[in-house]
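Okay, structure first, notes after.
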Amino acid sequence: SGKAGGVFLVLATQGVVLAAYFTARWALTRLWPPLGFILDVALLYSLLALKDLIVHVGVVAGAVEGADFSEARLALSRVVGRDTACLSGEALCRGAVETMAENFVDGFFSPLFWYILGGALGFCFFGFPPIPAGVGAMLFFKAASTLDSMVGYKSPELLSFGWAGARLDDGMNFIPARLSLPLLTLGAWASRLHPLRGFRVALRDRLKHDSPNAGHAEAFFSGALGVRLGGPTSYGGEEKDKAWLGAEFGDPDPGHIRAAERLVYRSGWMAVIVSMGLILVGFR
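Now the structure itself:
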């Protein structure tokens, strides 16, 4: 129990995840060499969860557009931790935009970042093949993210036990959260939104969020879309007085969710293009 138990949980989970991957890859490569590469591609496809995010949040937008608030609340409850049973249409849209902003970083860009960095460090310093080294780093990050989602809550039961998982997740998202701002700026420009306003609001409001990382992308989305995010939110029946991001704007509607989908999609492509450019420069 306590912090010691939480540290053991992190070490055991990461050890099992990495051992399972490298053992499976070794066995498949021994059986037939291309099978190891197929495993890597399958994991890369699975762990870069961009389309899945857009599909899930799109259900919320469609339900609100059709005034089916029960379906919208159910759909949003599948992708957020907040209470959704009594949310209004505006609050449903706000939750959908917020989760898209936050999960652009920890669901897509951070895994991509650790794949690139892990592959580069493994190859340059230890002579490992870059693809399995990158996949291993990505799995390490996703295990940390999952631990934070499962036990990283500030409840009396989990405050100490989830501390190690939450801090590991915070540390691994720290750099990607900040690097996401120039990529989101490019994505907002490609989406014909307001990239400069998004960047300005992000610089102003990003540290108002309780999380050291989530506020960066959320504040950018607020400015780029011209909507306010955050505000009082209920978790587990307890009201939490979160700060407003972009307080000068109005509440989002389903159209803003659709615009956020475009922003996430095009920013994701910008991240891939920039990453590919860095890889090509590195190998050159």
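To convert, note that position 142 of the sequence shown is 142 in this note's numbering; the numbers rise steadily by one, no gaps. Note that the Cβ used here is the ideal one computed from N, Cα and C, for glycine as well. Predicted model, so just to flag it, every value in this text is computed and none were measured.
Residue i, buried or exposed, once every other Cβ within 10 Å from all chains shown has been counted against 16
i      : result
Ser70  : exposed
Thr23  : exposed
Val10  : buried
Ala277 : Position check: residue 277 holds Gly in this sequence, whereas Ala was assumed. With fewer than 16 other Cβ atoms within 10 Å, it is exposed.
Asp169 : buried
Leu196 : exposed
Nearest-angstrom Cα separation, counted from residue j out to residue i
i      : j      : result
Phe161 : Ile273 : 39 Å
Gly81  : Ala177 : 20 Å
Lys154 : Leu121 : 34 Å
Pro129 : Lys242 : 45 Å
Pro111 : Val135 : 9 Å
Val151 : Gly268 : 28 Å
Asp83  : Leu53  : 19 Å
Phe126 : Trp114 : 16 Å
Ala137 : Thr13  : 14 Å
Thr233 : Leu87  : 10 Å
Gly119 : Pro132 : 7 Å
Ser222 : Tyr45  : 29 Å
Ala19  : Leu139 : 11 Å
Ala164 : Gly66  : 43 Å
Glu98  : Val16  : 32 Å
In DSSP terms, what residue i is bridged to
i      : result
Trp244 : Gly230
Gly250 : Val227
Glu238 : Tyr235
Where residue i sits in the DSSP three-state scheme
i      : result
Leu203 : helix
Ser46  : helix
Ser191 : coil
Cys124 : helix
Val55  : helix
Glu218 : helix
Gly103 : In the sequence under discussion, the amino acid at residue 103 is Asn, which differs from the Gly named in the question. Here Asn103 sits in helix by DSSP.
Phe37  : helix
Gly268 : helix
Leu87  : coil
Residue i: CB within 7 Å of a non-hydrogen atom of the ligand FAD
i      : result
Ser191 : With respect to small molecules bound, the structure shown includes none, and the ligand FAD cannot be examined in it.
CB contact below 8 Å: residue i versus chain C
i      : result
Trp163 : The chain inventory of the structure shown lacks chain C, comprising one protein chain alone.
Worksheet item: For the segment 247 to 261 against the segment 53 to 72, are there 3 or more C-beta pairs whose distance is under 8 Å?
Response: These segments touch.
Discussion item. Using 8 Å as the cut-off, can you tell me whether the segment 191 to 201 makes contact with the segment 209 to 218, which would need three or more C-beta pairs spanning the two stretches below that distance?
Written reply: Contact between the segment 191 to 201 and the segment 209 to 218 is not established, with fewer than three Cβ pairs separated by less than 8 Å.
Worksheet item: Are at least three pairs of beta-carbons, each pair with one atom in the segment 177 to 195 and one in the segment 33 to 52, less than 8 Å apart?
Response: They do not touch, by the three-pair rule.
Worksheet item: At a cut of 8 Å, does the segment 46 to 56 reach the segment 101 to 109 through at least three beta carbon pairs?
Response: Proximity of the segment 46 to 56 to the segment 101 to 109 meets the contact definition, three or more beta-carbon pairs being nearer than 8 Å.
Worksheet item: Is the segment 88 to 103 touching the segment 227 to 240 in the sense that three or more CB pairs, one from each, lie closer than 8 Å?
Response: A contact exists between the segment 227 to 240 and the segment 88 to 103.
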